[in-house]
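The structure appears below as structure tokens.
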Amino acid sequence: MSGNIVTVFGAVFIVAGAVLLAGPVYGFTSLAADRGVSMETASGENANIGVVPSDSTIDGPNDESEVAVITNNLESDITALEVGVAFSSGGGDLETTVPETIGRNVTGSVLVACSSRGGPRGPETTTVTVTVEEAIADGVTVTGITVESALTYECNPGGSGPPGGNPGGSTVGGGEVRNGDVSSDGDVTSGWDSEITGDVDTGGDASMGDSSTVGGNIDADGTVTTGWDSEVSEDVRAGGDVSTGSLSRVGGDIDADGSVTTGWDSEVGGDITAGGDVTISDSSTVGGKITADGNVETGWNSEVGDDITAGGDVVIGGDSTIRGDINADGDVVVKWGAVVEGDIDAGGSTTISDGADVTGDVESN
Numbered sequence: 001m002s003g004n005i006v007t008v009f010g011a012v013f014i015v016a017g018a019v020l021l022a023g024p025v026y027g028f029t030s031l032a033a034d035r036g037v038s039m040e041t042a043s044g045e046n047a048n049i050g051v052v053p054s055d056s057t058i059d060g061p062n063d064e065s066e067v068a069v070i071t072n073n074l075e076s077d078i079t080a081l082e083v084g085v086a087f088s089s090g091g092g093d094l095e096t097t098v099p100e101t102i103g104r105n106v107t108g109s110v111l112v113a114c115s116s117r118g119g120p121r122g123p124e125t126t127t128v129t130v131t132v133e134e135a136i137a138d139g140v141t142v143t144g145i146t147v148e149s150a151l152t153y154e155c156n157p158g159g160s161g162p163p164g165g166n167p168g169g170s171t172v173g174g175g176e177v178r179n180g181d182v183s184s185d186g187d188v189t190s191g192w193d194s195e196i197t198g199d200v201d202t203g204g205d206a207s208m209g210d211s212s213t214v215g216g217n218i219d220a221d222g223t224v225t226t227g228w229d230s231e232v233s234e235d236v237r238a239g240g241d242v243s244t245g246s247l248s249r250v251g252g253d254i255d256a257d258g259s260v261t262t263g264w265d266s267e268v269g270g271d272i273t274a275g276g277d278v279t280i281s282d283s284s285t286v287g288g289k290i291t292a293d294g295n296v297e298t299g300w301n302s303e304v305g306d307d308i309t310a311g312g313d314v315v316i317g318g319d320s321t322i323r324g325d326i327n328a329d330g331d332v333v334v335k336w337g338a339v340v341e342g343d344i345d346a347g348g349s350t351t352i353s354d355g356a357d358v359t360g361d362v363e364s365n
């Protein structure tokens with residue numbers, strides 16, 4: 001390890017014993033307190049941090065619903081809060097809003113809304129898993145609180161899939177099989193459960209519906225969006241941003257002039273190259289390397305099969321595995337339980353949380 005400064009978060013773990021929680025309120029899974037400060041978890045509504053799930057309904061594309069409430073009963077503000085939200089199905093149609101800080105004796109809501117007017121017609125039901133991955137207050141760190149709730153939603157009450165493309169574009173309807181390639185100077189849109197056996201080549205945007213399949217490549221001058229449980233067998237190339245849905249799969253590489261975001265529990269078989277940022281969601285896998293002009297962030301329990309190179313910062317989520325080196329012009333943060341099977345070279349600072357493992361050398365400014 002080089003002589004440069006590496007910051008390692010230490011913590012004294014305090015076992016609070018078995019805690020009886022009344023109703024659907026969940027307290028600490030893991031608690032660390034600095035300088036030997038002893039804290040006790042209370043039951044019921046008096047828990048130091050309570051997470052209350054709420055079964056709820058979204059009635060349309062302009063509606064939103066509260067799926068969990070987080071209450072801070074600590075003696076200080078929660079100044080940094082990481083909350084992960086996962087869906088058992090339909091994640092490509094939904095977006096979440098989570099609190100990043102919560103004041104003392106204040107509650108914060110976890111909200112879910114429709115991300116677009118997509119998916120099959122009629123109401124659907126999904127299980128929402130909310131995880132407080134890390135909450136940091138004055139001298140206290142809390143990790144690993146998980147609750148589940150049921151959500152009924154109807155993001156597309158008036159149709160059988162996402163809306164069609166702009167004039168001059170091409171639309172593949174819901175349930176339709178289009179043999180061969182699809183090429184257009186405008187946008188290309190495919191509906192729910194559709195199949196294109198060849199390539200997609202568009203001068204505009206490409207929007208692939210939930211449970212859709214593209215048997216070849218996607219090449220778009222604009223943005224590329226793939227829905228929940230969708231599959232692209234080969235490469236994705238975009239002049240703008242690329243966003244893949246939850247439980248989706250891209251068999252080859254993703255190359256975008258803009259930013260790249262992958263959905264929860266998704267898979268990219270090859271490399272990701274982006275002119276902007278790269279964000280890998282929880283429980284996702286990238287088989288190759290990640291190269292970004294901007295920042296790179298991997299979610300909880302994610303995996304990258306090769307090196308990460310970033311023009312900005314790199315943040316590795318808890319319990320993630322990086323099977324290569326990390327090179328960043330900015331800062332590097334490796335969170336609790338993560339493993340880096342190579343070197344770290346940071347132009348800024350390097351922060352390695354307690355419980356993380358870096359097998360190679362670490363160099364930082």
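Going by full-length UniProt numbering, the first residue of the sequence shown is number 1, and it counts up by one from there.
We put the beta carbon where it would ideally sit given N, CA and C, even for glycine.
Just reading off the beta strand (DSSP E) that residue i is part of, what are its end residues?
i	result
Arg104	Unbroken run through Arg104: none, as it is neither H nor E.
Val98	Counting along the chain, Val98 falls outside any beta strand (DSSP E), and DSSP gives it neither H nor E.
Thr125	Glu124 to Ala137
Gly50	Ile49 to Pro53
Thr72	Here residue 72 turns out to be Asn, not Thr, going by the sequence shown. Where Asn72 is concerned, the enclosing beta strand (DSSP E) stretches over Glu64 to Asn72.
Gly299	Element bounds for Gly299: n/a, residue is neither H nor E.
Glu82	Ala80 to Phe87
Ala256	Ile254 to Ala256
Asp345	Ile344 to Ala346
Glu148	Ile145 to Tyr153
Asp201	Val200 to Thr202
Ser56	Ser56 to Ile58
Ser233	Where Ser233 is concerned, there is no enclosing beta strand (DSSP E), given that its DSSP letter is neither H nor E.
Asp219	Ile218 to Ala220
Ala292	Ile290 to Ala292
Ala206	Ala206 to Met208
Thr261	Val260 to Thr262
Thr225	Val224 to Thr226
Ser320	Element bounds for Ser320: n/a, residue is neither H nor E.
Ser353	Ser353 -> no beta strand (DSSP E), and no H or E assigned at all.
Using only the alpha-carbon positions, how far apart do residue i and residue j sit?
i	j	result
Ile145	Val52	11 Å
Ala137	Val333	19 Å
Leu111	Ser266	22 Å
Gly348	Thr273	22 Å
Ala68	Gly180	45 Å
Gly355	Glu363	19 Å
Asp306	Val286	8 Å
Gly215	Thr351	42 Å
Val147	Ser184	45 Å
Gly23	Asn48	With a pLDDT of 38 at Gly23, under the threshold of 50, the modelled position of this residue cannot be trusted, and the question is left open.
Asp193	Val106	44 Å
Gly317	Asp331	14 Å
Ser281	Gly204	26 Å
Val140	Gly312	29 Å
Arg323	Glu341	5 Å
Asp345	Gly60	47 Å
Gly360	Asp325	8 Å
Asn365	Leu151	46 Å
Val314	Val260	14 Å
Asp293	Ile308	11 Å
Thr291	Glu75	42 Å
Val172	Asp219	16 Å
Val250	Ala206	14 Å
Ile70	Val304	31 Å
Ile58	Ser65	6 Å
Ala113	Glu95	5 Å
Just confirm the distance between the C-beta atoms of residue i and residue j, as a whole number of angstroms; I'd bet it's less than 8 Å.
i	j	result
Phe87	Ser246	6 Å
Arg237	Asp210	At roughly 22 Å, the Cβ-Cβ gap does not stay under 8 Å, so Arg237 and Asp210 are not in contact.
Asp253	Asp241	No, Asp253 and Asp241 are not in contact; Cβ-Cβ is about 16 Å, not under 8 Å.
Glu195	Val177	5 Å
Val83	Glu133	7 Å
Gly276	Gly288	About 18 Å; that fails the 8 Å criterion.
For residue i, count neighbouring Cβ atoms within 10 angstroms of its own Cβ and tell me buried if that reaches 16, exposed if not.
i	result
Arg104	exposed
Val358	buried
Gly299	buried
Ala80	exposed
Glu297	buried
Phe28	With a pLDDT of 47 at Phe28, under the threshold of 50, the predicted position of this residue should be treated as unreliable, and no value is reported.
Ser248	buried
Asn295	buried
Ser243	buried
Glu154	buried
Thr131	buried
Thr262	buried
Thr279	buried
Asn72	buried
Thr125	exposed
By DSSP's criteria, residue i is part of a beta bridge. Which residues make up the other side?
i	result
Leu94	Cys114
Gly108	Ile70
Asn327	Thr309 and Asp345
Thr273	Asp255 and Thr291
Ser243	Thr225 and Thr261
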